[in-house]
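Numbering (the working numbering), first residue to last: 396 to 550. Each residue gets a CB set at the ideal place from its N, CA and C atoms; glycine is no exception.
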Amino acid sequence: MSVEVTERILSGHVDAGRDKLIPILQEVQEALGFLARESVELIGNHLNLPASKIFGVATFYNQFRFEPKGKFHIQICRGTACHVKGSLPILDALVKELDVQPGRTTKDGLFSLEVVACIGACGLAPVIAVNGEFHARLESDQISEIIDSYRKKAM
Numbered sequence: 396m397s398v399e400v401t402e403r404i405l406s407g408h409v410d411a412g413r414d415k416l417i418p419i420l421q422e423v424q425e426a427l428g429f430l431a432r433e434s435v436e437l438i439g440n441h442l443n444l445p446a447s448k449i450f451g452v453a454t455f456y457n458q459f460r461f462e463p464k465g466k467f468h469i470q471i472c473r474g475t476a477c478h479v480k481g482s483l484p485i486l487d488a489l490v491k492e493l494d495v496q497p498g499r500t501t502k503d504g505l506f507s508l509e510v511v512a513c514i515g516a517c518g519l520a521p522v523i524a525v526n527g528e529f530h531a532r533l534e535s536d537q538i539s540e541i542i543d544s545y546r547k548k549a550m
């Protein structure tokens, strides 16, 4: 599927040069939800760029993912207000509870974890969002209960 989707997107960029790399990556990710290895290779061939260069650009920007989001996508804010109010212990609790590092998806595909610079809810700090649903004024000992509630929703 990723090959067909990527080829369709590339067909709209016939004479594209390297200046179109980021917009193409954004289109592919929007369509697939992530950047598949096959897509990166096709984009490289299309733009006459090595795949390593494309991976280098895509890994520089935290907007790009190389695996699909989980059913429940968790964003943890690490902006100034959240940092000051204790978001680091919450991040540590999420990593431990989910057994997954930021930017990754759990093996069962249920959860993905993303660190964001600001979630726009400074007055609720520290805060996480799960599929856009905010959990505010958190403490690390609340994480297990929150994650369990989403596990139950998945059943």
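{"query": "Could you pull the DSSP bridge partners for residue 529 from this structure?", "result": "524"}
{"query": "So what does residue 472 bridge to, in DSSP terms?", "result": "511"}
{"query": "Taking the Cβ atom as the reference point for each residue, do residue 488 and residue 538 lie within a distance shorter than 8 Å?", "result": "yes"}
{"query": "Three-state secondary structure (DSSP) at residue 506?", "result": "strand"}
{"query": "Residue 418 and residue 482 look like a contact to me (Cβ under 8 Å); what is the Cβ gap, rounded to whole Å?", "result": "Actually they do not touch by this definition, with Cβ atoms about 32 Å apart."}
{"query": "Can you tell me which of the three DSSP states residue 461 falls into?", "result": "coil"}
{"query": "Could you pull the start and end residues of the alpha helix (DSSP H) that residue 487 belongs to?", "result": "482-493"}
{"query": "Counting pairs of Cβ atoms below 8 Å between the region 463-479 and the region 435-452, do you hit three or more?", "result": "no"}
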